[in-house]
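Colleague: Chains as they are written, first to last, in the working numbering: chain B, 268 to 559; chain L, 35 to 385.
(1) Tell me, to the nearest whole angstrom, how far the beta carbon of residue 483/B is from that of residue 373/B; I am working on the premise that it is less than 8 Å.
(2) Leaving out five residues before and five after residue 368/B in sequence, what residues of the same chain have Cβ atoms less than 6 Å from its Cβ?
(3) Throw me the rounded Cβ distance for the residue 235/L and residue 210/L pair, which I believe falls under 8 Å.
(4) Rounding to the nearest angstrom, what Cα-Cα distance links residue 534/B and residue 528/B in this structure?
(5) Just curious, the beta strand (DSSP E) that residue 148/L is in, first and last residue?
(6) Kindly indicate which three-state DSSP category residue 500/B falls into: helix, strand or coil?
(7) Among the candidates 398/B, 411/B and 321/B, whose CA atom is the shortest distance from the CA of residue 357/B?
(8) Quick one: which chain B residues come within Cβ less than 7 Å of residue 235/L?
(9) Should residue 445/B be flagged as near chain L, meaning a C-beta pair shorter than 8 Å?
(10) Which residues share a DSSP beta bridge with residue 284/L?
(11) Specify the secondary structure class of residue 530/B as computed by DSSP and reduced to three states.
(12) At what residue ranges does the region 211 to 240 of chain L contain a whole run of the alpha helix (DSSP H), taking only runs of 4 or more?
(13) Of all the residues that make up the region 122 to 146 of chain L, which are near chain B by a beta-carbon distance shorter than 7 Å?
(14) If the cut is a Cβ gap below 8 Å, which residues of chain B does residue 252/L touch?
(15) Under the assumption that residue 272/L contacts residue 94/L (Cβ atoms under 8 Å), give the Cβ distance between them as a whole number of angstroms.
(16) Using the beta-carbon of each residue, which ones in chain B are nearer than 9 Å to residue 51/L?
(17) Within its chain, find whatever has a CB closer than 7 Å to the CB of residue 310/B; leave out the 5 residues flanking it on each side and keep chain order.
(18) Skipping 5 residues on each side, what residues in its chain have a beta carbon closer than 7 Å to that of residue 311/L?
(19) Which residues in the same chain have their Cβ closer than 8 Å to the Cβ of residue 449/B, if we skip the five residues on either side of it in sequence?
(20) What's the C-alpha gap between residue 165/L and residue 145/L?
(21) DSSP three-state call for residue 97/L: helix, strand or coil?
(22) Could you compute how far the alpha carbon of residue 292/B sits from the alpha carbon of residue 43/L?
(23) Taking all protein chains shown into account, do 16 or more other C-beta atoms lie within 10 angstroms of the C-beta of residue 291/L, making it buried, or fewer, making it exposed?
(24) Return no unless some Cβ of chain L is closer than 8 Å to the Cβ of residue 436/B.
(25) Is the beta carbon of residue 74/L less than 8 Å from the beta carbon of residue 200/L?
(26) Fully enclosed by the region 308 to 385 of chain L, which alpha helix (DSSP H) runs are 4 residues long or longer?
(27) Throw me the rounded Cβ distance for the residue 548/B and residue 45/L pair, which I believe falls under 8 Å.
(28) Who are the Cβ neighbours of residue 202/L in its own chain at under 7 Å, not counting the five residues just before and after it?
(29) Enumerate, from N- to C-terminal direction, the unbroken alpha helix (DSSP H) stretches of 4 or more residues contained entirely within the region 364 to 429 of chain B.
(30) Between residue 155/L and chain B, is there a C-beta pair that is closer than 8 Å?
(31) Within the 8 Å Cβ cut-off, does residue 341/B reach chain L?
(32) Determine whether the beta carbon atoms of residue 321/B and residue 349/B lie at a separation below 8 Å.
(33) I think residue 464/B touches residue 539/B, with their Cβ atoms under 8 Å apart; what is that distance to the nearest whole Å?
(34) So what does residue 303/L bridge to, in DSSP terms?
(35) Suppose contacts are defined by Cβ-Cβ distances below 8 Å. Is residue 317/B in contact with residue 139/L by that definition?
(36) Is the shortest distance between the beta-carbon of residue 379/L and the beta-carbons of chain B less than 8 Å?
Given below as C-alpha cells:
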C-alpha cells in the first residue's frame with residue numbers, strides 16, 4: 268500500500284537496495300558506543316584469563332577446580348596449552364556473558380528503535396517487513412559472530428604469546444599444526460556464533476512485541492538462568508534435550524578432542540537451528556501484523 | 035489470501051518446523067524391529083565368537099551401571115559413561131575416555147602403551163611384552179576393555195555351569211545381532227539371573243554385554259557399542275607423541291606385576307557361578323589412610339559402607355551390591371564373588 272503510493276509518485280527506485288540497507292544497519296550498530304564497549308570488554312577477557320592462569324602457575328590438583336562445569340575445568344587445562352585458552356574462554360562466557368551481548372543487540376534492534384520512535388520510519392519506508400526483519404537479524408548476527416570470533420582471536424594470540432607455538436595440543440594429547448589449530452578454534456567460534464544467533468532470534472521475537480529494550484534483555488537473561496536451573500534437575504531429564512543451553516558446557520570440550528566426536532556438537536547445532544526458526548518466525552509474525 | 039494472513043501462516047509453519055525439530059531431538063530413537071536372521075545353534079555361535087578376530091573398527095562404547103555400589107564419602111562416584119574405541123585389527127588400538135571436560139587417552143601403538151591424562155597433562159608410557167599375549171590397558175582400560183574381550187573371556191569360563199541358549203535377534207548400534215543368553219544352572223548359588231551377549235550376525239563380534247540380577251528387569255550392568263563402523267582406520271590414530279610441557283612417566287612392566295602381587299594374595303574357591311575369591315589383604319592395609327578427604331583409615335571406612343557380620347570365620351564387614359558381595363574380616367582376610375553373603379562365610383570357614 269505505502270510502497271505502491273511511493274512507487275507511483277517517486278521517480279527513484281521504489282525499493283531500497285538490500286546491500287545498502289545492511290551496510291547502513293551495520294554502520295549504526297558499530298557506531299553505538301555500547302556495542303563497542305561490550306565487544307572490547309569481551310575481547311580483553313581471554314587476555315585477563317590467560318594472564319591470571321599464568322600468574323597462578325600451579326593449576327592445583329585435578330578435580331580441585333570450580334566444580335564439574337565444562338568452562339571451569341577446561342580452563343584448568345588451559346595453563347600451558349595455547350589451544351585450550353580460546354575455546355575454554357568461549358565456553359566460560361557462553362554461560363552468560365555472550366548471550367547477554369546477543370540479547371542486547373536484539374533488544375536494540377527493534378524495541379530500542381521503538382523506544383526512540385525511529386522504528387516508525389522503518390515501518391513507513393518502502394521496505395517490506397520481511398526485509399526489515401532480515402536487516403535487523405543480520406545486524407544481530409554480525410554482532411554475535413564478531414563477539415565470538417574476536418574472543419577466539421584474542422584468546423589464540425594470548426595463548427601463543429604466553430605458551431609458545433609448540434603448545435597447540437588437544438585434550439587427546441595430539442599436537443596440532445598451526446592451520447589445524449586455527450581450524451579447531453574457528454569451528455568452536457562458529458558453533459558459539461550459531462548458539463548466539465539462536466539467542467538473538469529469541470531476543471528479536473521478544474523485541475518485536477515490546478517497546479522496552481530492558482524487558483528484552485531481562486527476559487532473555489531470566490530464560491537462560493531458568494534453563495540452567497531446569498538443566499540441573501535430574502527429575503526433568505526428559506526435558507533437557509529441548510533446553511537451548513543443554514550442551515553449552517560440554518560440547519565445546521568435544522572440539523578439543525581428537526578425533527572430534529560430532530554427536531553433541533551436531534545435536535547442539537540442530538537445537539540452535541530450531542530455536543532460530545522459532546524466534547525468527549515469531550518475530551516475523553509480529554512485525555507483519557504491527558501497524559505502521 | 036491477504037498478505038498479512040499469508041505472512042502469519044508462513045510464520046506459523048516456521049514455528050511448527052522448529053518445534054517439530056526440538057521434539058525430534060527429545061524423543062529417543064526406538065530399538066526398531068527385531069531383524070530376521072537364519073537360525074543358529076548356541077554351540078556354533080559361541081564357537082564363531084571365540085574364533086572371530088577383532089576387525090578394524092571405530093565406535094562408541096557406553097556403560098550403564100546400576101550396580102548399587104555403596105557411596106563412599108569424599109570419593110567421586112564411578113561415573114564412567116562412554117568411551118570411543120578405535121582398533122586397526124592388528125593389535126594397535128586407541129581408547130578415549132571422556133571425563134567431564136578432560137580426557138584420558140590410551141594408545142597402544144604396538145610396543146608401547148601410552149596413557150595420557152589431559153587434566154594433569156601427564157603421560158605414562160609402559161612397554162608392552164607382546165609374548166605374554168595379555169596386554170595391560172591400565173586401570174581404566176582394564177575396567178572398560180572392549181566388549182569383545184570381556185564377552186569372549188566370559189563365554190570360555192562359564193559353559194560348564196550354565197545353560198547357553200540363543201534367544202532371538204535384536205539390533206545393537208544399528209546392526210543385526212543374535213542374543214546369546216547364559217543362565218546359571220539351578221544348583222548354582224548366585225545373585226545373577228542371566229548374562230546376555232549380543233553377537234553381531236556378520237562379524238560375530240560381541241557388541242553388547244548385559245548382566246541381569248534376580249528381581250529386576252533393568253540390567254545391573256550394560257556395556258555395549260552405541261555406534262560402530264567397521265573398516266580401516268587412519269594410522270595416525272595409533273601413534274602418540276607426548277605434547278610439549280607434559281610430564282612423562284616411565285612405567286616398568288615387572289614392577290607392575292610385583293605391585294599386583296603385593297596387593298592381594300589368595301585363590302578361588304568353588305566353580306562356575308558361585309566361585310569365590312578368598313585371600314589375604316597385605317599386612318597393614320586396613321590401618322592405612324583411606325582415599326578421600328576425610329582422613330580415615332580403611333577400617334573406619336569399611337565400618338561406614340559395610341554391614342558388620344560374624345560367624346565361624348570370625349567377624350568382619352560385608353559390602354553388598356546387586357551383582358556381588360564382598361566380605362572383609364577384621365583380621366585382614368577378604369572374600370568376594372557374585373554370590374549371596376552366606377556362600378562367602380562358608381568359603382571363609384573352609385580355610
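Glycine is no exception: its CB is placed at the ideal position from the N, C-alpha and C atoms.
Modeller: Quick look at the numbers:
(1) Counted from its first residue, the first chain places residue 483/B at position 216. Counted from its first residue, the first chain places residue 373/B at position 106. With a Cβ gap of about 6 Å, residue 483/B and residue 373/B count as contacting.
(2) Start at 1 with the first residue of the first chain, and residue 368/B comes out as number 101. Excluding sequence neighbours, residue 368/B sits near 305 and 414.
(3) Locating residue 235/L in the second chain gives position 201, where the first residue counts as 1. Locating residue 210/L in the second chain gives position 176, where the first residue counts as 1. So it is a contact: roughly 5 Å between Cβ atoms.
(4) Sequence index remark: in the first chain, residue 534/B carries index 267 (1-based). Sequence index remark: in the first chain, residue 528/B carries index 261 (1-based). Approximately 11 Å between the Cα atoms of the pair.
(5) As a working note, residue 148/L is residue 114 in the second chain. Start and end: 146 to 151.
(6) As a first step, residue 500/B is located in the first chain; it is residue number 233 there, counting from the start. In the structure shown, residue 500/B sits in coil (DSSP, three-state: anything other than H, G, I, E or B).
(7) On the first chain, position 90 is the one that residue 357/B refers to. Of the candidates 398/B, 411/B and 321/B, the one whose C-alpha sits nearest the C-alpha of residue 357/B is 411/B.
(8) Residue 235/L sits at position 201 when you count from the first residue of the second chain. Correct list: empty, because the minimum Cβ distance to chain B is about 25 Å.
(9) One-based indexing of the first chain puts residue 445/B at position 178. No - not a single Cβ of chain L is within 8 Å of the one on residue 445/B.
(10) In the second chain, residue 284/L corresponds to position 250, counting from 1. DSSP, once it has assigned bridges, lists 159/L as partnering residue 284/L.
(11) Working through the first chain from its first residue, we reach residue 530/B at position 263. In the structure shown, residue 530/B sits in a helix (DSSP, three-state: H, G or I).
(12) none
(13) 130, 134, 135, 136, 137 and 139
(14) Residue 252/L sits at position 218 when you count from the first residue of the second chain. In chain order: nothing, as chain B lies at least about 16 Å away.
(15) What you label residue 272/L is simply residue 238 of the second chain in a count that begins at 1. What you label residue 94/L is simply residue 60 of the second chain in a count that begins at 1. Not confirmed; about 18 Å, so no contact.
(16) Counting from 1 along the second chain, the entry for residue 51/L is found at position 17. Near residue 51/L (Cβ distances below 9 Å), the residues of chain B are 541, 544, 545 and 548.
(17) For this step, residue 310/B is matched to residue 43 along the first chain. Within the same chain, residue 310/B has close Cβ partners 417, 418 and 421.
(18) What you label residue 311/L is simply residue 277 of the second chain in a count that begins at 1. So the qualifying residues of the chain are 300, 302, 369, 370 and 371.
(19) For this step, residue 449/B is matched to residue 182 along the first chain. Result list for residue 449/B: 423, in chain order.
(20) Here residue 165/L is taken as the residue at index 131 of the second chain, counted from 1. Here residue 145/L is taken as the residue at index 111 of the second chain, counted from 1. Here residue 165/L scores only 46 on pLDDT, less than 50, and its place in the model is too uncertain to base an answer on.
(21) Here the question's residue 97/L lines up with position 63 in the second chain. Reduced to three states, the DSSP call for residue 97/L is strand.
(22) Counting from one through the first chain, the residue named residue 292/B turns up at place 25. Counting from one through the second chain, the residue named residue 43/L turns up at place 9. Near 28 Å, if we compare the C-alpha coordinates of residue 43/L and residue 292/B.
(23) Counting from 1 along the second chain, the entry for residue 291/L is found at position 257. The predicted model places residue 291/L with a pLDDT of 45, which falls under 50 and marks its position as unreliable, so this point remains unresolved.
(24) To locate residue 436/B, count along the first chain from 1; it is residue 169. By this cut-off, residue 436/B is an interface position.
(25) The residue labelled residue 74/L in the question sits at position 40 within the second chain. The residue labelled residue 200/L in the question sits at position 166 within the second chain. Closer than 8 Å, so yes.
(26) 332 to 339 and 375 to 383
(27) Within the first chain, the letter at position 281 stands for residue 548/B. Within the second chain, the letter at position 11 stands for residue 45/L. With a Cβ gap of about 4 Å, residue 548/B and residue 45/L count as contacting.
(28) As a working mapping, residue 202/L is identified with position 168 in the second chain. These residues qualify, in order along the chain: 68 and 213.
(29) 364 to 374, 380 to 383 and 386 to 391
(30) Walking along the second chain from the start, residue 155/L turns up at place 121. Yes - at least one Cβ of chain B is within 8 Å of the one on residue 155/L.
(31) As a first step, residue 341/B must be located in the first chain, where it is residue number 74. So, interface residue.
(32) Taking the first chain and counting its residues from 1, the one referred to as residue 321/B is at position 54. Taking the first chain and counting its residues from 1, the one referred to as residue 349/B is at position 82. Cβ distance not < 8 Å, so residue 321/B and residue 349/B don't count as in contact.
(33) Looking up residue 464/B in the first chain gives position 197. Looking up residue 539/B in the first chain gives position 272. So it is a contact: roughly 7 Å between Cβ atoms.
(34) Here residue 303/L refers to the residue found at position 269 of the second chain. DSSP output for residue 303/L lists 310/L as bridge partner(s).
(35) In the first chain, counting from the first residue as 1, residue 317/B sits at position 50. In the second chain, counting from the first residue as 1, residue 139/L sits at position 105. Not closer than 8 Å, so no.
(36) Looking up residue 379/L in the second chain gives position 345. Output row for residue 379/L: interface = no.
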